[in-house]
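Residue numbers (my numbering): 5 to 467. Virtual Cβ for every residue (Gly too), placed ideally from N, Cα, C. Note sheet for the following structure.
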Amino acid sequence: MSDAKPTDSLFSDLTFADVDLPGELVAAVADLGFERLTRVQAEVLPLSLAGRDIVAQAQTGSGKTAAYLLTVFARMLRQERSTAIENPRALVIAPTRELAVQIASDADKLAAHTSLKTHVVFGGLDYKKQRERFASGVDLLIGTPGRLIDYHRQGAYSLRDTEMVVVDECDRLFDMGFADDLRWLLHRLPYPDKRQSLMFTATLSRRVMQLGWREMTEPQEIVVNRDQLTPETVHQELYHVAAHEKLSLLLGLLEREGGQRIMIFLNTKHAARRLVEDLRRHGYLARALTGDVMQTKRLKVLDDFRDGTLPILVATDVASRGLHIAGVTHVINFDLPQDPEDYVHRIGRTARVGAEGKALTLACDDYVYSLDAVHKYVGYQIPVMFAPEELFAEVVPYRPKPRPRPRPDDGRASSGRTPEKRRTSPEAPTAPTVPTAPTSDGATPEKKKRRRRRRKPKTADGS
Ligand code: AMP
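See the structure below:
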C-alpha cells in the first residue's frame with residue numbers, strides 16, 4: 005500500500021484502536037504502518053461497521069478503499085457464512101481494470117491474517133483462468149461490470165448469498181456508460197434491505213444520488229471536504245502556451261522539476277504515443293498507458309512505474325482512473341482536460357494520502373476553452389505562472405529514419421520493398437551466394453548462358 009507521507013489535512017484524530025475491528029484486521033493495519041484513520045475512514049467506519057448503508061463522497065487518495073474493505077472483512081470474520089456453497093459474500097464493482105486490480109491488491113494486504121478468499125475479474129486477460137478460480141470458493145469478489153455479468157450469465161457464480169455490495173467510483177461508472185450494467189448486477193443481489201450497500205463517488209451527482217435512494221436502505225450521506233475538491237497538499241500551476249511550444253516548455257519543466265515519478269496526461273491516445281516518442285528522443289524514459297494497450301502490457305507498465313523502474317508515465321484519462329500509485333511527485337497536464345472532473349482526478353494522482361505533490365498544467369490554444377469550466381468546477385482559479393524564455397528547452401527535431409535506398413542493379417527495387425524485407429518461399433530458394441566454378445574458357449555457367457542469349461539468331465519478322 006501507500007508509502008505516502010501523512011499530513012494533518014487528511015487524517016482524523018482517531019486511531020485504529022478507536023474503532024471496533026477484529027484482531028486479524030488490526031494486525032494487518034499495523035503491518036501496513038497505518039496509525040491514524042483518515043477523515044473518510046473516521047466518518048465511514050463507525051457507521052459501516054454497525055451495518056449502515058452509506059453513500060460517501062470522498063477525495064481521491066483519501067483512504068476510501070481501506071474503509072470499505074475493512075467493513076467487508078470485519079463482517080465476514082464476525083458472522084459465519086449462512087450457506088455451505090461458497091458464493092461471494094461481498095461484491096465490489098469498479099469501473100476500470102486497473103482499479104479492480106488495485107482494490108484486490110489492497111484486499112490481499114488487509115486480509116493477510118485471515119483465510120478469506122478474494123477473487124478479481126476484469127476483461128482483456130486470462131478469461132478461462134479467472135472463470136476456473138470460482139470453483140475453489142470466493143468470499144470477496146471484485147470486478148468490472150462486463151466480466152462480472154459475463155461470468156454470472158454463464159453460471160460461474162451466484163449473487164444469491166451476497167450480503168454486501170460496494171460500488172466504487174460510482175460517478176465514473178455512469179460516465180463510462182455502465183449505468184445499465186450496474187443496475188443489472190444490483191438486481192441479481194438480495195433486496196436492498198437484506199444486504200449492506202456502500203457507494204463511493206468523487207462527485208455526488210443527481211444520478212448517483214438517485215441510484216443511492218433506489219438501491220439502498222436509508223443511506224447515510226457522507227461528504228468529506230465538499231468545498232475542497234482537490235487535495236490541499238497539491239501545489240498547482242498553470243502555464244499559458246502556444247500549442248507548438250508545448251513540448252519545449254514540458255522539457256524545460258521536466259529539467260527544472262527533476263521529479264522521480266511523473267504522470268503526464270494527454271487527451272488522446274495518439275498524442276500520448278507521440279509524446280512518448282518525443283520524450284525518448286530527448287533522453288527521457290517514458291511509456292504510454294492508453295486504453296488500447298494490451299492488458300498484460302498495461303499491468304507491466306504500471307508495475308514498472310510503481311517500483312520506480314519507469315520514471316515517466318504518459319497517460320490518457322480512461323486508462324488512469326482510480327490508480328493508487330504512491331509517491332507520484334508530479335502530475336503534468338500536457339493537455340488541459342476537456343472534462344473538468346478529469347482535472348480533479350488527474351491531480352489527485354499526486355499528493356495521495358496527504359503527501360506533497362505538484363500539478364502543472366499547460367493551457368494551449370487547442371484546449372484552453374475548457375479552463376473556465378475547470379475553474380467553476382473546482383471553485384477557485386488555478387494560479388497562472390509566467391514561463392520565462394529560459395524555461396523553454398531546445399527541441400531536437402523529429403527526423404524519420406531514412407529508408408534504405410534500393411540498389412540500382414536490383415530489378416525488383418521498384419516494388420518499394422527493401423531487400424531485407426523481401427521474403428523468400430521455401431519452394432523457391434534464393435540463388436546461392438557462393439560463386440559457381442568457372443569452365444575451361446574461364447567463364448562461369450551464368451556468363452555463358454548470358455552470352456548464349458545475346459547470340460540467339462533473330463527470327464524472320466525481326467522479333
Ligand atoms: P484510496 O483513497 O483508497 O485511494 O487510498 C490511497 C492509499 O491510502 C491506499 O493505497 C493506502 O496505502 C493509503 N491509506 C489508506 N488508509 C490509510 C491510513 N489510515 N493511513 C495511511 N495510509 C492509508
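Query: Would residue 32 and residue 44 be called neighbours here (beta carbons separated by less than 8 angstroms)?; Result: no
Query: Please confirm whether any heavy atom of the ligand AMP lies closer than 7 angstroms to the CB of residue 110.; Result: yes
Query: Per DSSP, what kind of secondary structure is residue 247 in: helix, strand or coil?; Result: helix
Query: Less than 7 angstroms between the CB of residue 309 and some heavy atom of the ligand AMP, yes or no?; Result: no
Query: Check whether the Cβ atoms of residue 139 and residue 124 lie closer than 8 angstroms to each other.; Result: no
Query: Whole alpha helix (DSSP H) runs in the segment 182-214 with 4 or more residues, listed along the chain?; Result: 183-190
Query: Are the CB atoms of residue 336 and residue 257 nearer to each other than 8 angstroms?; Result: yes
Query: Could you name each continuous beta strand (DSSP E) segment of 3 residues or more that falls completely within the segment 269-309, going from the start of the chain to the end?; Result: 290-293
Query: When you compare only the Cα positions, how much space is there between residue 271 and residue 89?; Result: 46 angstroms
Query: Going by CA-CA distance only, name the one from 96, 60, 227 that's closest to residue 144.; Result: 96
Query: On a Cα-Cα basis, can you pick out the residue from 128, 314, 275 that is closest to residue 154?; Result: 128
Query: Need the endpoints of the beta strand (DSSP E) that residue 125 sits in, please.; Result: 122-125
Query: State the DSSP-derived secondary structure class of residue 89, mapped to helix, strand or coil.; Result: coil
Query: Find out if the Cβ-Cβ distance for the pair residue 255, residue 397 is shorter than 8 angstroms.; Result: yes
Query: Please classify residue 263 as buried or exposed, where buried requires at least 16 other C-beta atoms within 10 Å of its C-beta.; Result: buried
Query: Look at the Cβ atom of residue 318, then the Cβ atom of residue 291, and state whether they are nearer than 8 angstroms.; Result: yes
Query: Is residue 133 close to the ligand AMP? I mean its beta-carbon at under 7 angstroms from any heavy atom of the ligand.; Result: no
Query: In chain order, what are the residue ranges of uninterrupted alpha helix (DSSP H) at least 4 long that sit wholly in the segment 100-180?; Result: 101-114, 131-136, 149-157, 174-179
Query: Tell me, to the nearest whole angstrom, how far the beta carbon of residue 399 is from that of residue 252; I am working on the premise that it is less than 8 angstroms.; Result: 5 angstroms
Query: Distance, Cα to Cα, residue 158 vs residue 152?; Result: 10 angstroms
Query: Measuring CB to CB, does residue 110 end up less than 8 angstroms from residue 69?; Result: yes
Query: Taking the C-alpha atoms as reference points, what is the distance between residue 295 and residue 119?; Result: 35 angstroms
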